[in-house]
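A.B. asks:
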Amino acid sequence: MNTFYKACLMGGTILSILPFNANAQDLHIHHGSNKGHQHTDAPTAPLSIMGDHTHNKGDWMVSYKFKRMHMSGNRQGTNPISPEEIVTTIANPNAPPATLRVVPTKMDMDMHMFEAMYGVSDKLTLMTMAMYMKKDMTHTTFAGMAGSTELGRFTTRSSGWGDTSLTGLYNLYETANHNVNISLGISAPTGSIKEEDNILSPANTTPILRLPYAMQLGSGTWDTLTGITYSGHNDKWSWGAQYNGIIRLENKNSQGYRLGNKHTLTGWGGYKVSNQITVNALLSAEKTGKIKGSDTNIAAPVQTANPDNYGGKAVELGAGFVYAFDTHPLKGLEFGVEARLPIYQNLNGVQLERDWNITTGLTYRF
Numbered sequence: 003m004n005t006f007y008k009a010c011l012m013g014g015t016i017l018s019i020l021p022f023n024a025n026a027q028d029l030h031i032h033h034g035s036n037k038g039h040q041h042t043d044a045p046t047a048p049l050s051i052m053g054d055h056t057h058n059k060g061d062w063m064v065s066y067k068f069k070r071m072h073m074s075g076n077r078q079g080t081n082p083i084s085p086e087e088i089v090t091t092i093a094n095p096n097a098p099p100a101t102l103r104v105v106p107t108k109m110d111m112d113m114h115m116f117e118a119m120y121g122v123s124d125k126l127t128l129m130t131m132a133m134y135m136k137k138d139m140t141h142t143t144f145a146g147m148a149g150s151t152e153l154g155r156f157t158t159r160s161s162g163w164g165d166t167s168l169t170g171l172y173n174l175y176e177t178a179n180h181n182v183n184i185s186l187g188i189s190a191p192t193g194s195i196k197e198e199d200n201i202l203s204p205a206n207t208t209p210i211l212r213l214p215y216a217m218q219l220g221s222g223t224w225d226t227l228t229g230i231t232y233s234g235h236n237d238k239w240s241w242g243a244q245y246n247g248i249i250r251l252e253n254k255n256s257q258g259y260r261l262g263n264k265h266t267l268t269g270w271g272g273y274k275v276s277n278q279i280t281v282n283a284l285l286s287a288e289k290t291g292k293i294k295g296s297d298t299n300i301a302a303p304v305q306t307a308n309p310d311n312y313g314g315k316a317v318e319l320g321a322g323f324v325y326a327f328d329t330h331p332l333k334g335l336e337f338g339v340e341a342r343l344p345i346y347q348n349l350n351g352v353q354l355e356r357d358w359n360i361t362t363g364l365t366y367r368f
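Letter 87 of the sequence shown, counting from 1, is numbered 89 in the numbering used here, and no numbers are missing.
This is the structure we're talking about:
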């Protein structure tokens, strides 16, 4: 895909929703106020939910969020599997050796997310996000070509900017208590897919190798972002549901593969404890496809080097709160925390399983 086509695709995707705004005054359904799509007296959506509201024309929102995800232990489908079982029973697609000899045991991923939203009109908001990531993965290496004798442990690391997104958010329907927004956007492949680090090999050497797919920082492809969000509230109670999709626009990236498409469905409920505090609970289900193709430079005897060991289904349960400052000079500022735990995981092949993730964030509207 040449540069000109990529630029046209990015601009066309975002601009394709702009015609909706031509008859904004005719289409606008809003009881109570004739401007704006934020009910300041309504409970606030969970911290992780983006796209539940648009902004008035000329209004801005900027936010910073920090998310840490922790993974430990391995799972084959829905069942736990030990490192010793992996290195004696799981075939190495890049043989020899015949079975895997290196097993990841835990992973921490830190994400610094920088977001901005701008109200182009009372119906259309543009949203952009950039993310800086840091990934650490700890492994156990087993000695030689076979057996379960542990040789040693090592950690690989990668860090840098991930992919960058630009999304148009359009207010499709709104009443005093109900709201529906749709979103369409593009993700640009600004994250590296050529990260390298030292590893401990089964032969007790420490070569520098291309890191597996999970340790790369971006997708390497241009991707479409789609979504639809319903939210409602009545007095101090709030609720909502959101679908988000990531669809890969290219068959492969510069290294010969593409990540799987991802679909996420989230439902939530909230209660406004006071004028400042809203507490929320949510349930989120996702399905991610396997990697298509492969990077020939990723060939170590470790499960994360196999494209078939990616994707699957997962369900998470979460809870959190948002505190909205309502007095000057902090009026317009919000602080939130959200924690999630997995309650179901059915993974493709053999993978590290999720343990928990937690997000904190600051949002400022002006």
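For each residue, glycine too, the CB sits at the ideal point set by N, CA and C.
Whole angstroms is fine: what's the gap from proline 344's alpha carbon to valine 317's?
C.D. replies: Their backbone Cα atoms lie some 6 Å apart in a straight line.
A.B. asks: Rounding to the nearest angstrom, what Cα-Cα distance links valine 204 and threonine 101 in this structure?
C.D. replies: Looking at the sequence shown, residue 204 is not valine but proline. Rounded to the nearest angstrom, the two C-alpha atoms are 12 Å apart.
A.B. asks: Taking threonine 223 as part of the alpha helix (DSSP H), name the residues at either end of that continuous run.
C.D. replies: Threonine 223 -> no alpha helix (DSSP H), and no H or E assigned at all.
A.B. asks: With DSSP collapsed to three states, give me the class of threonine 88.
C.D. replies: Note that residue 88 is isoleucine in the sequence shown, not threonine. Of the three classes helix, strand and coil, the one that applies to isoleucine 88 here is helix, per DSSP.
A.B. asks: Tell me the rounded alpha-carbon separation between histidine 32 and aspartate 54.
C.D. replies: Low local confidence applies: a pLDDT of 36 at histidine 32 is under 50, so the model's placement there is unreliable, with the coordinate-based value given in what follows. Their backbone Cα atoms lie some 16 Å apart in a straight line.
A.B. asks: How should aspartate 124 be labelled, buried or exposed, when 16 other C-beta atoms within 10 angstroms of its C-beta is the threshold for buried?
C.D. replies: Aspartate 124 should be labelled buried.
A.B. asks: In whole angstroms, give me the CA-to-CA distance for leucine 128 and tyrosine 346.
C.D. replies: Taking the straight line joining both Cα atoms gives about 34 Å.
A.B. asks: Ends of the beta strand (DSSP E) at lysine 292?
C.D. replies: First-last for lysine 292: undefined, no H or E at that position.
A.B. asks: Less than 6 Å between C-beta atoms, sequence neighbours within five positions excluded: which residues of the same chain meet that for threonine 80?
C.D. replies: Only Asn348 meet the Cβ criterion.
A.B. asks: Kindly list the residues whose CB is nearer than 7 Å to the CB of alanine 26, restricted to its own chain and excluding five residues on each side of it in sequence; keep chain order.
C.D. replies: Note that alanine 26 scores a pLDDT of 34, beneath 50, so its modelled location is shaky; the value from the coordinates is reported in the next line. Answer for alanine 26: Ser123, Asp124, Lys125, listed in chain order.
A.B. asks: Considering only the beta carbon of each residue, do serine 150 and threonine 231 sit closer than 7 Å?
C.D. replies: No. Outside cutoff.
A.B. asks: Taking DSSP as the reference, what is the three-state secondary structure of proline 309?
C.D. replies: In the structure shown, proline 309 sits in a helix (DSSP, three-state: H, G or I).
A.B. asks: Could you name the residues of the same chain whose beta carbon sits closer than 6 Å to that of proline 98, not counting the 5 residues immediately before and after it, in chain order?
C.D. replies: So no residue of the chain qualifies.
A.B. asks: Check whether the Cβ atoms of glycine 313 and glycine 262 lie closer than 7 Å to each other.
C.D. replies: Yes; because the gap between Cβ atoms is below 7 Å, this pair is in contact.
A.B. asks: Would aspartate 237 be called buried (16 or more neighbouring beta carbons within 10 Å of its own) or exposed?
C.D. replies: By the neighbour-count rule (16 or more Cβ atoms within 10 Å), aspartate 237 is not buried but exposed.
A.B. asks: Applying the 10 Å Cβ sphere with the 16-neighbour rule, what's the burial state of leucine 364?
C.D. replies: It is exposed - the Cβ of leucine 364 has fewer than 16 other Cβ atoms within 10 Å.
A.B. asks: Just mark alanine 326 as buried or exposed, buried being the case when its beta carbon has 16 or more other beta carbons within 10 Å.
C.D. replies: Buried: at least 16 other Cβ atoms inside 10 Å.
A.B. asks: Output yes or no for whether 7 Å exceeds the beta carbon distance between glycine 121 and glycine 60.
C.D. replies: Yes, the pair counts as a contact, with Cβ atoms nearer than the cut-off.
A.B. asks: Is the beta carbon of aspartate 199 closer than 7 Å to that of threonine 142?
C.D. replies: Contact: no.
A.B. asks: Taking all protein chains shown into account, decide if isoleucine 201 is buried (16 or more other Cβ within 10 angstroms of its Cβ) or exposed.
C.D. replies: Buried, because 16 or more other Cβ atoms sit within 10 Å of the Cβ of isoleucine 201.
A.B. asks: Determine, using beta-carbon pairs with one atom in the segment 181-199 and one in the segment 221-235, whether at least three such pairs fall under 8 Å.
C.D. replies: The segment 181-199 vs the segment 221-235: in contact.
A.B. asks: Could you check which residue in Val275, Gln218, Pro95 has the C-alpha nearest to that of glutamine 257?
C.D. replies: If we check each option's Cα against that of glutamine 257, Gln218 comes out closest.
A.B. asks: So does the segment 324-338 actually touch the segment 288-307, counting three or more Cβ pairs closer than 8 Å?
C.D. replies: The segment 324-338 vs the segment 288-307: no contact.
A.B. asks: Identify every residue that forms a DSSP beta bridge with proline 106.
C.D. replies: According to DSSP, proline 106 bridges with His141.
A.B. asks: In chain order, which beta strand (DSSP E) runs of at least 3 residues are fully inside the segment 45-86?
C.D. replies: 62-78, 81-83, all fully within the segment 45-86.
A.B. asks: Can you give the Cα-Cα distance for threonine 56 and leucine 284, rounded to whole angstroms?
C.D. replies: For threonine 56 and leucine 284, the distance between alpha carbons rounds to 21 Å.
A.B. asks: Below 6 Å CB to CB, which residues in the same chain sit around arginine 356 once its five sequence neighbours on both sides are set aside?
C.D. replies: Excluding positions up to five away in sequence, the list reads Met73, Pro344.
A.B. asks: Could you compute how far the alpha carbon of glycine 193 sits from the alpha carbon of phenylalanine 116?
C.D. replies: Spanning the two alpha carbons is a distance of roughly 15 Å.
A.B. asks: On the DSSP letters alone, give me the boundaries of the beta strand (DSSP E) that proline 344 sits inside.
C.D. replies: Proline 344 -> beta strand (DSSP E) spans 335-349.
A.B. asks: Between glycine 272 and serine 240, is the Cβ-Cβ spacing less than 7 Å?
C.D. replies: For glycine 272 and serine 240, yes; Cβs fall inside 7 Å.
A.B. asks: Would you kindly report the start and end of the unbroken beta strand (DSSP E) that includes threonine 361?
C.D. replies: Segment 352-367, the beta strand (DSSP E) holding threonine 361.
A.B. asks: Just the Cα atoms here: how many angstroms apart are methionine 71 and glutamine 78?
C.D. replies: The straight-line gap from Cα to Cα measures roughly 20 Å.
A.B. asks: Which of the three DSSP states is assigned to methionine 217 in this structure?
C.D. replies: Note: methionine 217 maps to helix in three-state DSSP.
A.B. asks: How should tyrosine 172 be labelled, buried or exposed, when 16 other C-beta atoms within 10 angstroms of its C-beta is the threshold for buried?
C.D. replies: It counts as buried.
A.B. asks: Taking the alpha carbon of histidine 265 as the point to measure from, which residue in Gly229, Ala216, Lys137 has its own alpha carbon closest?
C.D. replies: Answer by Cα proximity: Gly229.
A.B. asks: So the beta strand (DSSP E) histidine 330 belongs to, where does it begin and stop?
C.D. replies: Histidine 330 -> no beta strand (DSSP E), and no H or E assigned at all.
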